[in-house]
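Novice: The structure is given below, and queries will be raised subsequently.
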Amino acid sequence: MRIRLIDIKGFGKFIDKRIHPADGFNLIMGPNEAGKSTLADFVTAMLYGLGSGKRSRKTASGRNFRPWASDRFAGVMEYVLDDGSAYRVDRNFDKGLVHVYDGMSRDITSRFASDRNTGPRFAEEQLGLSEEVFIRSARIRQMQTAMDPDGARIILEKLANLSATGSEDQSLGRALEALENALLERVGTERSTTRPLDRVEARLKELERMKADWLERHERYLDTWSMLRQEEDRLRELKQRHEALKARYQLKLKERLDALARECREIDRSLDEMKTALTELERRLERSGIFGEMTDRAMEALTNTWFAYQETRKQLAECESGIKALEQEYAGLSARLEKLQPMREKVERIDRRLREQDESFREAAASAEGRKSGGRIPLAVPVLFLTAAALILVLPAVLHLDLGMPWLYAAGVLALTGVFTALLRVLTKKSVLTDAADRQLKMLYGEGFTGLNDYLSQKETLQGALADFERCGSELEEWRKKRVYLAEKKETLFKSLASCLDGFRTVTDNPESVDEAMEAFRSGFSRFREDDNRAHELRQRMESLVEKRRLLLREASALTQKEMKSAADLEAAARQMAHGEEQSPLALDGKAQEQDIRATEEAIRNCEVRIGSLYGRLENAPSQDELADMEEEILRLAEKKRELELAGRSLRTARDILKEVGSQLQMNYTAQLNSEMSRFLSVITNGRYQHIRTDPEGRLYLEVPECEELVPVERLSSGTIDQVYFSMRLAALALLERGKETLPLFLDEPFLQYDEDRIRQAFRLMKEASANRQVFFMTSRKRELELARELWGDALNVIQL
2 MRIRLIDIKG FGKFIDKRIH PADGFNLIMG PNEAGKSTLA DFVTAMLYGL GSGKRSRKTA
62 SGRNFRPWAS DRFAGVMEYV LDDGSAYRVD RNFDKGLVHV YDGMSRDITS RFASDRNTGP
122 RFAEEQLGLS EEVFIRSARI RQMQTAMDPD GARIILEKLA NLSATGSEDQ SLGRALEALE
182 NALLERVGTE RSTTRPLDRV EARLKELERM KADWLERHER YLDTWSMLRQ EEDRLRELKQ
242 RHEALKARYQ LKLKERLDAL ARECREIDRS LDEMKTALTE LERRLERSGI FGEMTDRAME
302 ALTNTWFAYQ ETRKQLAECE SGIKALEQEY AGLSARLEKL QPMREKVERI DRRLREQDES
362 FREAAASAEG RKSGGRIPLA VPVLFLTAAA LILVLPAVLH LDLGMPWLYA AGVLALTGVF
422 TALLRVLTKK SVLTDAADRQ LKMLYGEGFT GLNDYLSQKE TLQGALADFE RCGSELEEWR
482 KKRVYLAEKK ETLFKSLASC LDGFRTVTDN PESVDEAMEA FRSGFSRFRE DDNRAHELRQ
542 RMESLVEKRR LLLREASALT QKEMKSAADL EAAARQMAHG EEQSPLALDG KAQEQDIRAT
602 EEAIRNCEVR IGSLYGRLEN APSQDELADM EEEILRLAEK KRELELAGRS LRTARDILKE
662 VGSQLQMNYT AQLNSEMSRF LSVITNGRYQ HIRTDPEGRL YLEVPECEEL VPVERLSSGT
722 IDQVYFSMRL AALALLERGK ETLPLFLDEP FLQYDEDRIR QAFRLMKEAS ANRQVFFMTS
782 RKRELELARE LWGDALNVIQ L
């Protein structure tokens, strides 16, 4: 057996202590009262238990190991057996709950026999040892060899007991003495006169004499006795017939009562199961009280809020992405405008100069118009000529007048004159515009433009960049406003979710926390609703079953004419009817049956009257009851005598067998024990003591190098006696494990009496032992830690407490 995990939730001074031991040697280091012994007690308690919750609180062990600073009184232990099978044990010492799991995490607790105090007895089945034997063999407590002046005598007594019986605390001599005392006290011997068997034999002789005297007096009343016997025989026959009639008539009623009782029992069983299930559901509902006030509509609203929170969070992420893209675009447009800044300045200068030139041109044109109005043809002149020509051509057609050719010639001349004057006016104005255009081209050339088209193209490019920049800035501002809105909305939704989840779980404003909390909350709410609906259904079913049971008991009460309150009352009534102790009026239904039973009862009363008369004649005769009492007592004492004789033979046989088995056990066990003890002691003492001998009385002797004779162990030092006892424990453990599971060894300060050299040798022995078993060596001395490091090096597993 190898322990892989020791997880102490609460035991003694340990709270939430996890230890992962190595498969071989483990050195547990800690000062006094650090909990080294408590650790070994915890392993024993995990394997064998402390008793049920109520018992563990009342027993000394339960009080001693209850945690000092915690309400949790529980632990977990994982281990692997020699065949490679892994197991896990969970114990709650306070509630008496135990669960055993295999390597596949399957609960196999029910596979083991269970004790009402300690729970499943899996350790006894797996290890093949009881708790008492495990403690004796696998644990060596600190100072267990008793270092007071009587220490050597105590050790010798333990060694003698182990040699004779295989147990430290059992003595073959005491067992034989107990059998002898039991034989004397409970039976008697050939020499005893007042023991139970002697008293029984004396009383039997007295009863045989009294019976012979009674028979002698009885001869004078034989005829009367003969008649009395006949009447009594007839009375018995009548009573038998009466009972048969009652039984036949009440059989059907009994069958009905049995059926009702079975049905009530089934209802009670179903109610018990439902009560258990309802209690568990109510316990779960109470633990989930946060969901009690949550309605389906509120849950739907909470879910919608959660979905809105998720959507808002998604929109906010998209908004952040859009803002990032716009910021990048805005930065690019800003950089582009910086590059276009020289061109922008030229275009602005040209625009400014063009506006100035245009203003100066309009001022010059107005001034020229004022100065040269006489030399320039007014616009009204060509208009007047053209209007006159049109009137000459249009009026005759309107008025239906027939004009001659002279009028047509005149209209033509007027029209030509109007056109000529108009052309002359246009040519004059064009010359002015041509001068202005020439000045503008010179200005464009001076700013580095190749022409008007180049200027207009670059200006259009600049205006496009400025429009894009303004557009991007406007869009960026809108997106930022949207981000603020979404962030506020998300914060509002989160606060709403957090307030709803308050008391269930603390959440933070991140997607994983909120989603995990909501999923858990929805799952818990769903389970709560399922449990609540199931509890409601169970209550309805229980009410229905209670009503059905009430109707069944009401029917049974009507049948028996008695109030029936439970299935036990029905079964009792059915048993009484079966034994003839009670009859129901309903069983006598029918006139023929009633007359037959009444006639039988009348015959019984007449027979009893005749028997009474005969007994009156026999008042002075020897009492038949007296004879019956004597015969009954004779039979009882004869049976008791046989039992006492059988007990005596059994005790004598047990005594003889125990002597024979003890002798054989001593021969076989002592030789093997001597060999193992000698090997272990030789290693510890570095070969100084190589042989241990045990005589038939259980006394131990050592072969000492300084002399040729065997030296009794009590003549050696207390340290050597301690080492002999330590070797005996190791040897006993090795012999005890043959054909069974390898046990872990717990050593609690075992080397207090050893010098440094023998500690080093003992560690070598422990290293050899730890190759095949797990060893827990507990010490508070740093020197033992240093010596262990010398032997194990970096492979030493040190557990600090």
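In terms of our numbering, the sequence shown opens at residue 2 and continues consecutively. Cβ coordinates follow ideal geometry from the N, Cα and C atoms, glycine included.
1) On the DSSP bridge list, what partners appear for V201?
2) According to DSSP, I800 sits in a beta bridge with which residue or residues?
3) So what does DSSP say about Y80, is it helix, strand or coil?
4) Per DSSP, A75 is paired with what?
5) How many Å lie between I29 and R761 at the Cα?
6) How many angstroms separate the CA atom of R3 from the CA atom of E544?
7) Which residues in the same chain have their Cβ closer than 7 Å to the Cβ of M295, if we skip the five residues on either side of it in sequence?
8) Spatial neighbours of M519 within its chain, please: C-beta separation below 6 Å, excluding the five flanking residues on both sides.
9) Which residue spans inside the region 284 to 349 form an unbroken alpha helix (DSSP H) run of at least 4?
10) Report the three-state DSSP secondary structure of T695 (helix, strand or coil).
11) Secondary structure at A153, three-state DSSP: helix, strand or coil?
12) In its own chain, which residues sit with a C-beta less than 8 Å from the C-beta of L208, not counting the 5 before and 5 after it?
13) Report yes if the C-beta distance between K10 and R73 is below 8 Å; otherwise report no.
14) Quick check on H537: does DSSP put it in helix, strand or coil?
15) Looking only at its chain, what residues have a beta carbon closer than 6 Å to the beta carbon of N93, apart from the 5 residues adjacent to it on each side?
16) Among D116, L494, E238, A390, which has the Cα closest to the Cα of L409?
17) With burial defined as no fewer than 16 other Cβ atoms inside 10 Å of the residue's Cβ, what is the status of N454: buried or exposed?
18) So L317 and L487 are in contact, right, with Cβ under 8 Å, and what is the actual spacing, rounded?
19) Do you know offhand how far L457's Cα is from E357's?
20) If we count the other Cβ atoms within 10 Å of its Cβ and call it buried at 16 or more, is A278 buried or exposed?
21) With which residues is I9 paired in a DSSP beta bridge?
22) Do L748 and L734 have their C-beta atoms closer together than 8 Å?
23) Could you name the residues that DSSP lists as bridge partners for F529?
24) Could you spell out where the alpha helix (DSSP H) holding F470 opens and where it closes?
25) Nearest to I808 by alpha carbon, out of K212, A41, D103?
26) So is S771 buried or exposed if we call it buried at 16+ other beta carbons inside 10 Å?
27) Is the region 262 to 275 touching the region 569 to 578 in the sense that three or more CB pairs, one from each, lie closer than 8 Å?
28) Round the Cβ separation of A411 and I393 to the nearest angstrom and send it over; I've been treating them as touching at under 8 Å.
29) Do F522 and L286 have their beta-carbon atoms positioned less than 8 Å apart in this structure?
30) So, at 7 Å on beta carbons, what are the nonlocal neighbours of Q801 in its own chain, with the 5 sequence-adjacent residues on each side left out?
31) Grab the span of the alpha helix (DSSP H) containing M767 for me, first residue to last.
32) Which whole-angstrom value describes the C-beta separation of E627 and W215, a residue pair presumed to lie in contact below a C-beta threshold of 8 Å?
33) What first and last residue would you give for the beta strand (DSSP E) that runs through M47?
34) Apart from the five residues just before and just after A35, which ones in its own chain have a Cβ nearer than 7 Å to its Cβ?
35) Determine the direct distance from the alpha carbon of E517 to that of F12, and round the result to whole angstroms.
36) Short of 8 Å in beta carbon distance, which residues of its chain neighbour Y616, apart from the five on each side in sequence? Order them along the chain.
Specialist: This is what the structure gives:
1) V201 pairs with nothing; no bridge assigned.
2) I29
3) strand
4) N93
5) 17 Å
6) 54 Å
7) F526
8) W307
9) none
10) strand
11) Here the model assigns A153 a pLDDT of 36, short of 50, so the residue's position is not dependable, and the following value carries that caveat. DSSP places A153 in helix when its eight states are reduced to three.
12) M631, E634, I635, L638
13) yes
14) helix
15) A75
16) A390
17) exposed
18) 4 Å
19) 18 Å
20) exposed
21) K18, G76
22) no
23) The partner list for F529 (beta bridge, DSSP) is empty, contrary to what the question assumes.
24) 453 to 502
25) The shown model of the chain, from 2 to 802, leaves out residue 808, and the question about it has no answer.
26) buried
27) yes
28) 6 Å
29) no
30) M30, G31
31) 757 to 771
32) 7 Å
33) Taken as a continuous stretch (DSSP letters only), M47 belongs to no beta strand (DSSP E), being part of the alpha helix (DSSP H) at 37 to 49.
34) L802
35) 35 Å
36) L229
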